[in-house]
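What follows is one structure encoded as structure tokens, with my remarks underneath.
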Ligand code: SME
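Numbering (the working numbering), first residue to last: 1139 to 1306.
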């Protein structure tokens, strides 16, 4: 299989521009995971697709629940990161508790934020479900404050739903 990442420099300054980017990402992701059920391969390619397509990111990757109380680092792109995060700790562990996406406009203002990369200024974490149960999170970090909003949360969720179907 050959796969070509779009050369497009995506704009994200309007909701419409974001919707265009996420529609393209969904289409590329469908192609990437088509016919493939290997979870590590699909989550690794998912991280790469998002990290290399979305502007102004410094980290994108997964943490998975290895026990009900602890997340462990999964496939990612960016600098080496914290390996284990307790449920309820940081943005990732709080997302597991909440079961919904968390948008953090300013990481310094989030109580208990875990700083893996000092360059991170804002963050978006989206839960990943397998067979109806929370299985982990997909975490995006940006060096820019206020990089993510609810349009991004819904857009990343739409990508995660495609990924989850490869486990069904
Ligand atoms: N900031 C996250 C930790 C993971 S890193 O950003 C890759 C948190 O507070 O849970």
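Beta carbons: idealized from backbone N, C-alpha and C, even for Gly. Here the structure is a predicted model, which is why all the values come from computation and not from measurement.
- With distances taken between CA atoms, residue 1246 lies nearest to 1258 out of 1296, 1258, 1226 and 1235.
- Placement of the Cβ of residue 1279 at a distance of less than 7 Å from at least one heavy atom of the ligand SME is found.
- In this structure, residue 1256 sits away from residue 1239, with a CB-CB distance that is not shorter than 8 Å.
- The count of Cβ pairs closer than 8 Å, one atom from the segment 1219–1231 and one from the segment 1187–1195, stays below three, leaving the stretches out of contact.
- In this structure, DSSP gives residue 1169 a helical state, which the three-state scheme calls helix.
- Proximity to residue 1225 across 1180, 1209, 1287 and 1253 peaks at 1209, based on C-alpha coordinates.
- The closest CA to that of residue 1234, considering only 1249, 1202 and 1252, is found on 1202.
- Between residue 1213 and residue 1228, the C-beta gap is not smaller than 8 Å, which leaves the two residues out of contact.
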